[in-house]
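A.B. asks: Top to bottom, those sequences are chains A and B. To convert, note that position 247 of the first sequence is 284 in our numbering; the numbers rise steadily by one, no gaps. To convert, note that position 128 of the second sequence is 343 in our numbering; the numbers rise steadily by one, no gaps. Ideal Cβ positions, reconstructed from N, Cα and C, are used throughout, including at glycine.
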Amino acid sequence: MSMPDLTTAPPAVRVGGNRTLTIVEAMREALREEMAAEDRVFVMGEDIVVGGAFLVTLGLAEDMGVDRVLNTPISENGFLGLAIGAAIEGLRPVVDMQYGDFLFTAADQLIQQASKLRYMSGGQVKIPLVLQLPTGASGRGAQHANSMESYFFGLPGIKIVTPSNPYDAKGLLKSSIRDDNVVLFIVHKHLYGSRGRALQHEQTSVGEVPGEEYLVPIGVGKVIEEGQDITVVANNVVLHHALNAASRLEGEGISVEVIDPRTLVPFDIDLVIESVEKTNRLLIVEENPARGGWGPWVISEVIRRAFYSIDAPIARLAANDTPIPFSPPLERASVPTEERIVEAIRQVIHG
Amino acid sequence: MPVTVSRLRIPPEQAVGPIDLLPTETLKGVYRMMFLIREFETVVNHLFLRGRVPGTIHLCRGQEATLVGTMVALDKEDRITLTHRGHGQALAKGVDPAGLLAELMGRAGGVCRGMGGSLHVGDWSVGALPAIAIVGASSPIATGLALAAKRQGTGRVTCNFFGDGTASKGELHEAMNLAAVWELPVVFLCENNVYAATTHISEYMKNEYVSERAAAYRMPGVSVYGNDPLAVYEAVKVAVDQARAGGGPSLVECLTYRRDGHKRDDPAAYRDDREVEAWLKTDPIPAFRNRLREESGVLQEELAAIEASVEDELIAAQGFAHQSPYPDVQQRLSYVYA
Ligand SMILES: Cc1ncc(C[n+]2csc(CCOP(=O)(O)OP(=O)(O)O)c2C)c(N)n1
Ligand SMILES: [Mg+2]
Chain A
38 MSMPDLTTAP PAVRVGGNRT LTIVEAMREA LREEMAAEDR VFVMGEDIVV
88 GGAFLVTLGL AEDMGVDRVL NTPISENGFL GLAIGAAIEG LRPVVDMQYG
138 DFLFTAADQL IQQASKLRYM SGGQVKIPLV LQLPTGASGR GAQHANSMES
188 YFFGLPGIKI VTPSNPYDAK GLLKSSIRDD NVVLFIVHKH LYGSRGRALQ
238 HEQTSVGEVP GEEYLVPIGV GKVIEEGQDI TVVANNVVLH HALNAASRLE
288 GEGISVEVID PRTLVPFDID LVIESVEKTN RLLIVEENPA RGGWGPWVIS
338 EVIRRAFYSI DAPIARLAAN DTPIPFSPPL ERASVPTEER IVEAIRQVIH
388 G
Chain B
216 MPVTVSRLRI PPEQAVGPID LLPTETLKGV YRMMFLIREF ETVVNHLFLR
266 GRVPGTIHLC RGQEATLVGT MVALDKEDRI TLTHRGHGQA LAKGVDPAGL
316 LAELMGRAGG VCRGMGGSLH VGDWSVGALP AIAIVGASSP IATGLALAAK
366 RQGTGRVTCN FFGDGTASKG ELHEAMNLAA VWELPVVFLC ENNVYAATTH
416 ISEYMKNEYV SERAAAYRMP GVSVYGNDPL AVYEAVKVAV DQARAGGGPS
466 LVECLTYRRD GHKRDDPAAY RDDREVEAWL KTDPIPAFRN RLREESGVLQ
516 EELAAIEASV EDELIAAQGF AHQSPYPDVQ QRLSYVYA
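(1) Which chain B residues are close to Ser-371 (chain A), counting only those with a beta carbon under 7 Å from its beta carbon?
(2) Check whether the segment 321 to 334 of chain B and the segment 356 to 370 of chain B are in contact - that is, three or more C-beta pairs closer than 8 Å.
(3) For Glu-292 (chain B), which of B:Glu-256, B:Ala-412 and B:Asp-338 has the nearest alpha-carbon?
(4) Where does the unbroken beta strand (DSSP E) through Asp-443 (chain B) begin, and where does it stop?
(5) Along the beta strand (DSSP E) that carries Lys-259 (chain A), what are the first and last residues, could you check?
(6) Any chance the CB of Val-350 (chain B) is under 6 Å from a heavy atom of ligand 1?
(7) Would you say Ala-411 (chain B) faces chain A, with C-beta separation under 7 Å as the test?
(8) Taking only beta-carbon positions, decide if Tyr-541 (chain B) is within less than 7 Å of chain A.
(9) So for Asn-218 (chain A), helix, strand or coil by DSSP?
(10) Use the C-beta contact count for Glu-406 (chain B): other C-beta atoms within 10 angstroms, 16 or more gives buried, fewer gives exposed.
(11) Helix, strand or coil for Ala-352 (chain A) per DSSP?
(12) So which residues on chain B does Asp-104 (chain A) lean against when the C-beta distance must stay under 9 Å?
(13) Verify whether the separation of the beta carbon atoms of Ile-164 (chain A) and Ile-121 (chain A) is less than 7 Å.
(14) By a C-beta neighbour count over all protein chains shown, 10 Å radius and 16 as the cutoff for buried, is Pro-298 (chain A) buried or exposed?
(15) What three-state label does DSSP hand Val-275 (chain A) in the structure shown?
(16) Going by alpha carbons, who is nearest to His-225 (chain A) out of A:Lys-196, A:Leu-210, A:Thr-172 and A:Ala-206?
(17) Please go through the same chain and pick out, in chain order, the residues whose beta-carbon is closer than 7 Å to the beta-carbon of Met-158 (chain B), but skip the five residues on each side of it.
(18) Would a check of beta-carbon distances place Gly-309 (chain B) closer than 7 Å to chain A?
(19) May I ask which residues mark the beginning and end of the beta strand (DSSP E) holding Asp-133 (chain A)?
(20) In chain order, which continuous runs of the beta strand (DSSP E) of length 3 or greater are located wholly inside the segment 84 to 154 of chain A?
(21) Evaluate Gly-258 (chain A) with the Cβ neighbour count: other Cβ atoms within 10 Å of its Cβ, from every protein chain shown; 16 or more gives buried, anything less gives exposed.
(22) So, is the C-beta of Ile-356 (chain B) closer than 7 Å to a C-beta in chain A?
(23) Do you know offhand how far Arg-383 (chain A)'s Cα is from Ala-356 (chain A)'s?
(24) Which of the three DSSP states, helix, strand or coil, is assigned to Pro-47 (chain A)?
(25) Work out the CA separation of Asn-272 (chain A) and Ser-201 (chain A) for me, nearest whole Å.
(26) Flag Gly-204 (chain B) as yes when its Cβ comes closer than 6 Å to any non-hydrogen atom of ligand 1, and as no otherwise.
(27) Taking any Cβ of chain A, which residues in the segment 445 to 478 of chain B have a Cβ under 9 Å from it, in chain order?
(28) From the beta carbon of Gln-180 (chain A), is the nearest beta carbon of chain B less than 7 Å away?
(29) Any residues in the segment 74 to 87 of chain A with a beta carbon nearer than 7 Å to a beta carbon of chain B? Which ones, in chain order?
(30) Rounded to the nearest angstrom, what separates Leu-319 (chain B) and Thr-219 (chain B) at their Cα positions?
(31) Restricting to Cα atoms, I'd like to know which of B:Val-259, B:Met-216, B:Gly-284 and B:Phe-255 is closest to Pro-233 (chain B).
(32) Since His-335 (chain B) meets chain A, which of its residues come closer than 9 Å, beta carbon to beta carbon?
(33) Do you know how far the Cα of Phe-222 (chain A) is from the Cα of Ala-532 (chain B)?
(34) Whose beta carbon lies closer than 7 Å to any heavy atom of ligand 2, going through the chain in order?
(35) Relative to ligand 1, is the shortest distance from any of its heavy atoms to the C-beta of Phe-139 (chain A) smaller than 6 Å?
(36) With a 10 Å radius around its C-beta and 16 neighbouring C-beta atoms as the bar for buried, classify Lys-384 (chain B) as buried or exposed.
Structure, rendered in structure tokens:
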């Protein structure tokens, strides 16, 4: 049995003037700055006064006051609806769902209310609301492992943001809070790396964050590694596996271009098309079950817009179409890993 | 004027049940099971800290009297639904400790074949529905088990375990109303350990007791001292008898306490020292052990023999779990559909 892939990420590079933060610290800074700048911003969720499940709100209640950092009862349907009402009246709630999985118990408030009230009212109301959703397979069994993206990618009326590093997490969270729409802010639990055993994943969750203020716009993807032979589009934690795979394949003379879409809705599809027109090959990696996710939509766009640029069958790696099993070897076999990405790239290149 | 609720929740006094409620042999069995749960959890914690139990764990040390007192009031054929803090619920219902431990370790010999883990333990063959880790979600399902019992005339009662924090979930309230209106044989069993994860009960509830809410559904609701198995047994027995006789649901709230943090690495620093001190003094295991010696005349040697047999059972369970292989990875594709 091999070790989890996540420990093999390369250590972060230190850049002068910048600070090395975890994703958690970066998100905490974003909340702190936005709350300081705008009194209408407030946070609520279960256990957040002591920091929440991943310590994102650690110290915030002391500094911002418990009327702006609200510990809720375990009533997700109730407090999500409440947040929608507060947002309609002009407040700017950030709702910490503890685990994204618990959002399902408030499904109606998101799917039927938050995403549709503006539309149904002919634009009379707006709902500036951010939902923080830790997501993905992380050794806790099927009910704490859902990949939220697959359930909501097809839901009109919301935005979906999935940062993969501290820089993007901070900049995107600030943009999400300033956005006048409902934003799902999805981070894979392995990227939090803030506590207990999660520390083994710290390498993937640490990165450089500038001291001065900045935003990362919603809807703009990023080429993380430039390459010539194949485009790999991956987000969230599997992006890190893709980057590791890319550096391993360098030695085999395969030059991989790695793109992090950063935002799934709206999706920076132009960036992917441009890249595929250069590399002529495409692999998509995501942790969503194969039947769901954003990959199929991206592939359909690439076929529609860049069909004649494609030199090899488009490949996609996703999770199995099963719930996530508990037993560690089974869980690892269920989701994309660095090893599988390496194989998939070789397959596309060499046929 | 807003209602204020007490912040300090210390154990209720002199609230133990009469020792002669059950025969001495049964009482010894109660002690054995309480001790087994305590020691099992200690083994789990030990293995977790050594990296042998992956994922996360929620220990139930301190709540043993509630679990075992409840289970003695149920029949073997009755059903229970379990929570995220489910190891002790499972053991008390008769789930095999070896299979349970193997499950926590993700092994093929686990009660759920390694597919569930700590958050989803259970063995339907002994009436313990594999645990539901989304709090509140088990209550409507338990109510459905009870509806089936009524329709099928099995005479079974379902016991729905839930925590004080879960009393804020709408699903529980929908289930209580359904069960009340349809007079279903279900007992809503609240393990009130004062906290929803890190949040003190006084922060999310204006009631002093969860049981007050039963009145809203016109069902009996009682609160009992949860660290004495006989106090728990006495109250749950009434509820079970009523349910079995067709009298509908009840809510029984057992006032108890977590001796550990909410989960694996939680030091529980958010708790009030006076509260912790008062509760830690009421450890249900030594307290019941003393009652057995003083009130039932059970000999020290008999208790020592019970304890030794539990330790032997747990050594064997660890041997089984460690020798059990991981499941074949192909198993991940099984059990999706019937
Ligand atoms: C719907 C839902 N929301 C949140 C959680 C996360 N969570 C797990 S246990 C827990 C606290 C539950 O408190 P309580 O019902 O009192 O049970 P206890 O942990 O004390 O046994 C929370 C918030 C969850 N599992 N499900
Ligand atoms: Mg509790």
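C.D. replies: Straight from the coordinates:
(1) Arg-547
(2) no
(3) B:Asp-338
(4) Premise fails: Asp-443 (chain B) is in no beta strand (DSSP E) and is neither H nor E.
(5) 259 to 262
(6) yes
(7) yes
(8) yes
(9) coil
(10) buried
(11) strand
(12) Under the 9 Å cutoff, chain B gives no residues; its nearest Cβ is about 13 Å from Asp-104 (chain A).
(13) yes
(14) buried
(15) helix
(16) A:Thr-172
(17) Coverage of chain B is limited to positions 216 through 553, which leaves residue 158 (chain B) absent and any answer about it impossible.
(18) no
(19) 129 to 133
(20) 106 to 108 and 129 to 133
(21) buried
(22) no
(23) 19 Å
(24) Note that Pro-47 (chain A) scores a pLDDT of 48, beneath 50, so its modelled location is shaky and nothing firm can be said.
(25) 7 Å
(26) The displayed coordinates of chain B run from 216 to 553. Any statement about residue 204 (chain B) would go beyond what the structure contains.
(27) His-477
(28) yes
(29) Glu-83, Asp-84 and Val-87
(30) 42 Å
(31) B:Gly-284
(32) Gly-178, Ala-179, Gln-180 and Phe-363
(33) 43 Å
(34) B:Gly-378, B:Asp-379, B:Gly-380, B:Glu-406, B:Asn-407, B:Asn-408, B:Val-409, B:Tyr-410 and B:Ala-411
(35) yes
(36) buried
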